[in-house]
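The sequence shown begins at 6 in the numbering used here and counts up one residue at a time. Beta carbons: idealized from backbone N, C-alpha and C, even for Gly. Below: one structure, written as structure tokens.
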Amino acid sequence: MDKEKFKRHWNDGMPDQSWFTENEKHAVRQKIQAAKPKKPYYITPKIVTAILLGALFFVGFTALNELNAPGISPNEGISGNGEAYPLLKTGETVKGWRVVERDERNTGHFAFTFQKQTVLHGTVTYDRHSDEVAFQLNESSLNSLPLAPSGEGAFSFSEGDEKRIISDYSLDEKGTSQDISVAVDELRMTVQEEKTDGFLYLADQQSAEKEVISETPFWIPTDEDLELTLSADEQNVYEAFIKEYDDSILSGLSPTQIFRFYWLAEEQGDFKTQYLLYNHDESAGKVFETLEDFEEAKQDESYPVLHAFKKNELVEVIVDEQNAYIAIKAEDPEKMQGFSLSKNKKGVWKVNWLPMQ
């Protein structure tokens, strides 16, 4: 725990007023004056101070140990020089990851196994020579982990999961690097001399299916000219948003509605609105820093996929509380190309950068 956090916990545990009233203090003084001990003795102010400080420290330390994770918020990951690692115990939860195993092999060397059903996003790289797979998480996924990994945050898989990744994504045929999303249910991280490494374990098919909260099929409403249309309520929200560009206006909308707003802006050439429908959180991995950069890139882009979206039945898949995607419905789920969205820090669904990857 850093000094500021400890100071806050310490101050929160201290009473605002004295423990004794003035009357109680007066009564104590009278008793002291009336007492006639056989031998006079003296307790120096330094000893009194030491006793009081010791008592206060005990109270403060006890209060800290009663937290879910000592000195660690369940919603915050652990980073820094590793001082908090000895405090993390089996059964505690950090960022939704539950500690199921803790191994302290020697001083400063810890190994933790966490479990959580979730989906992580990033770039997988396959080295044909070593026949090894490395998974580089994007910033959003890195921020969702209970511990901060060393370096750039590349993770490894077990041998069986490596073969599954190579096969599922045809890495030996299509290329050595791809942007992917994987369902995982276990994470093992080791901490030694301020270096943190991690292994990911893929969820089995049954676990991956449980991760999906809902799947809702739909068609994009269009007019006779195949141009996108909105309901009256959606039109009011859309017009309010393009006037103020306040994310709170979009609060409560579904991923499907944000998806349609995005493509309506695309169809109308309204790149500013489209740009502001992206997730602009710091952890979202922003691709274009300015609207001008985005507009310049859009000049050379075309999205024939929009026509495919209009002509086919789609499905909204809410993966978990923070992630969703829209895809053309297909008999084989592996052939569905997803358009991904995520909730920002305000809890509003926004479009991911490079959403088709």
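What did DSSP end up calling residue i once you bin it into helix, strand or coil?
i    : result
D251 : coil
T26  : Residue confidence for T26 is low, a pLDDT of 44 falling below 50, so the modelled location carries little weight; the figure read from the coordinates is stated next. Three-state result, T26: coil.
S347 : strand
E2   : This structure does not reach residue 2, given that the chain is present from 6 up to 362, and the question cannot be answered.
I225 : coil
T278 : helix
T195 : strand
V353 : coil
D166 : helix
F293 : coil
D108 : strand
F218 : Correcting the residue type first, residue 218 is Ile in the shown sequence and not Phe. I218: coil per DSSP, three-state reduction.
E321 : strand
Y174 : coil
W268 : helix
S256 : coil
T261 : helix
S186 : strand
L311 : helix
When the Cα atoms are used, what is the spatial distance from residue i to residue j?
i    : j    : result
K10  : L207 : Because the pLDDT of K10 is 39, which lies under 50, any placement of that residue in the model is unreliable, and the question is left without a value.
D251 : S145 : 22 Å
E88  : E271 : In this prediction, E88 scores a pLDDT of 49, lower than 50, which makes its location untrustworthy; no coordinate-derived value is stated.
I247 : E300 : 17 Å
L235 : P226 : 7 Å
S186 : W268 : 23 Å
K291 : N284 : 8 Å
L150 : G343 : 24 Å
D108 : A116 : 5 Å
Q22  : G352 : Caution applies to Q22, whose pLDDT of 39 falls short of 50 and renders its modelled position unreliable; the value that the coordinates give is listed next. Distance between the alpha carbons of Q22 and G352 is about 40 Å.
T130 : A188 : 17 Å
I171 : S256 : 39 Å
T195 : E232 : 54 Å
Y330 : W354 : 11 Å
L176 : L93  : 38 Å
D228 : K315 : 11 Å
E191 : K168 : 17 Å
E244 : T278 : 10 Å
V105 : D184 : 30 Å
S135 : A153 : 27 Å
A139 : D230 : 47 Å
K348 : F266 : 16 Å
N328 : S219 : 11 Å
A159 : T98  : 23 Å
F162 : E137 : 9 Å
K303 : V310 : 15 Å
R133 : E164 : 14 Å
D166 : K334 : 27 Å
K350 : L258 : 15 Å
R103 : L282 : 33 Å
Mind checking residue i: buried by the 16 CB within 10 Å criterion, or exposed?
i    : result
I224 : The identity of residue 224 in the sequence shown is Trp, whereas the question assumes Ile. Exposed, since its Cβ has fewer than 16 Cβ neighbours within 10 Å.
M361 : exposed
N280 : According to the sequence provided, residue 280 is Tyr. The question's Asn does not apply to it. Buried is the call here.
N357 : buried
D173 : exposed
G96  : exposed
L346 : buried
S253 : exposed
T123 : buried
G274 : exposed
E318 : exposed
G127 : buried
E326 : exposed
K100 : buried
A313 : exposed
G203 : buried
A332 : buried
L142 : buried
R193 : buried
L359 : exposed
K121 : buried
Check whether the segment 281 to 300 touches the segment 313 to 329, counting contact only when three or more Cβ pairs, one atom from each stretch, lie closer than 8 Å. The segment 281 to 300 vs the segment 313 to 329: no contact.
Which runs of the beta strand (DSSP E), 3 residues or longer, sit entirely within the segment 111 to 162? If we require 3 residues or more, the beta strand (DSSP E) runs fully inside the segment 111 to 162 come out as 114 to 132, 137 to 142, 159 to 162.
Any contact between the segment 258 to 268 and the segment 227 to 247? By contact I mean 3 or more CB pairs, one from each, below 8 Å. When C-beta atoms of the segment 258 to 268 are compared with those of the segment 227 to 247, three or more pairs fall below 8 Å, so the two segments count as touching.
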